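Colleague:
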Amino acid sequence: GSPRGSRTRRSARRQPALRGEDVEGETEITLDEAFLGTSRTVELNGPQGARRVEIRIPAGIQDGARVRAAGQGSPGSGGGASGDIFVRVRIRPHPRFTRVGNDLQTKVPVPLATAIAGGSVAVQTLRGTTVQLTIPSSTQNTARLRLRGMGMPRVRGDGAGDLIAEVDVRVPVPVPDQLRAWAEAAGGDA
Numbered sequence: 506g507s508p509r510g511s512r513t514r515r516s517a518r519r520q521p522a523l524r525g526e527d528v529e530g531e532t533e534i535t536l537d538e539a540f541l542g543t544s545r546t547v548e549l550n551g552p553q554g555a556r557r558v559e560i561r562i563p564a565g566i567q568d569g570a571r572v573r574a575a576g577q578g579s580p581g582s583g584g585g586a587s588g589d590i591f592v593r594v595r596i597r598p599h600p601r602f603t604r605v606g607n608d609l610q611t612k613v614p615v616p617l618a619t620a621i622a623g624g625s626v627a628v629q630t631l632r633g634t635t636v637q638l639t640i641p642s643s644t645q646n647t648a649r650l651r652l653r654g655m656g657m658p659r660v661r662g663d664g665a666g667d668l669i670a671e672v673d674v675r676v677p678v679p680v681p682d683q684l685r686a687w688a689e690a691a692g693g694d695a
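Residue numbers (the working numbering): 506 to 695.
#1: Just the C-alpha distance for residue 650 and residue 555, rounded to the nearest angstrom, thanks.
#2: Using a Cβ distance threshold of 8 Å, determine whether the segment 581-588 contacts the segment 607-617, with at least three qualifying pairs required.
#3: Provide the residue span of the beta strand (DSSP E) that contains residue 604, from first to last.
#4: Look at the Cβ atom of residue 594, then the Cβ atom of residue 560, and state whether they are nearer than 7 Å.
#5: Are the Cβ atoms of residue 602 and residue 631 separated by less than 7 Å?
#6: Going by C-alpha to C-alpha distance, which of 581, 533 and 599 sits closest to residue 569?
#7: Measuring alpha carbon to alpha carbon, tell me which residue in 523, 664, 692 and 691 is nearest residue 583.
#8: CA-CA distance, residue 572 and residue 628?
#9: Look up residue 524 in the DSSP assignment and say whether it is helix, strand or coil.
#10: I'd like to confirm the pairing. Which residues does DSSP put opposite residue 665 in its beta bridges?
#11: Taking residue 593 as part of the beta strand (DSSP E), name the residues at either end of that continuous run.
#12: Please return the same chain residues whose Cβ sits closer than 6 Å to the Cβ of residue 563, not counting the five positions on each side in sequence.
#13: My parser needs the alpha helix (DSSP H) runs of 4 or more residues fully inside the segment 616-655; what are they?
#14: What residue range does the alpha helix (DSSP H) around residue 686 cover?
#15: Considering Cα atoms alone, identify which of 670, 690, 685 and 604 is closest to residue 648.
#16: Skipping 5 residues on each side, what residues in its chain have a beta carbon closer than 8 Å to that of residue 642?
#17: Which whole-angstrom value is the C-beta distance of residue 636 and residue 655, which I expect to be below 8 Å?
#18: Would you call the CB atoms of residue 535 and residue 597 closer than 7 Å?
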């Protein structure tokens with residue numbers, strides 16, 4: 506007891522502050538959306554009912570990367586902070602471009618005459634623009650030519666990867682008589 510004989514009352518035991526649970530999900534985006542950046546709305550069902558949260562997906566995101574929305578997950582208890590939302594991003598394959606790191610690869614049709622003599626061909630970029638690609642003379646089929654800075658943007662930092670154009674030499678159909686005569690005259694050397 507205390508010297509005066511009064512009793513001290515114990516206060517009710519306080520709940521410790523518990524952080525809310527993290528919420529995980531997955532979303533699928535196109536390569537174009539990964540190039541430009543996009544957002545997705547996720548719907549969460551919790552004790553307070555359903556709510557929608559917009560998740561920002563940065564330009565240049567890699568397939569399989571997770572995006573975090575801090576404090577948007579399940580609410581905490583006893584004054585604890587809310588958890589986070591983590592959304593794993595999957596990127597659908599693109600019909601014309603393949604991504605390798607921050608580089609993009611694409612096949613570029615090149616007429617046989619251009620592959621032999623040199624010249625230039627138009628190349629469509631993922632950005633939607635068309636650029637001219639210089640084809641050196643004697644370019645072989647499947648040669649890879651690099652367009653610097655035309656690939657995926659980097660999530661952190663400046664710049665972008667490269668666009669790698671794989672040459673796809675096209676033989677004219679039907680083969681012109683002059684070309685056929687040249688090929689026959691050249692024999693195995695052509």
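Every residue gets a Cβ at the ideal spot worked out from N, C-alpha and C, and that includes glycine.
Bear in mind the structure is a predicted one, so any value in this text is a computation, not a measurement.
Modeller: So, to answer that:
#1: 51 Å
#2: no
#3: 603-605
#4: no
#5: yes
#6: 533
#7: 523
#8: 32 Å
#9: coil
#10: 658
#11: 590-596
#12: 542 and 660
#13: 617-622
#14: 682-691
#15: 670
#16: 621, 622 and 623
#17: 7 Å
#18: yes
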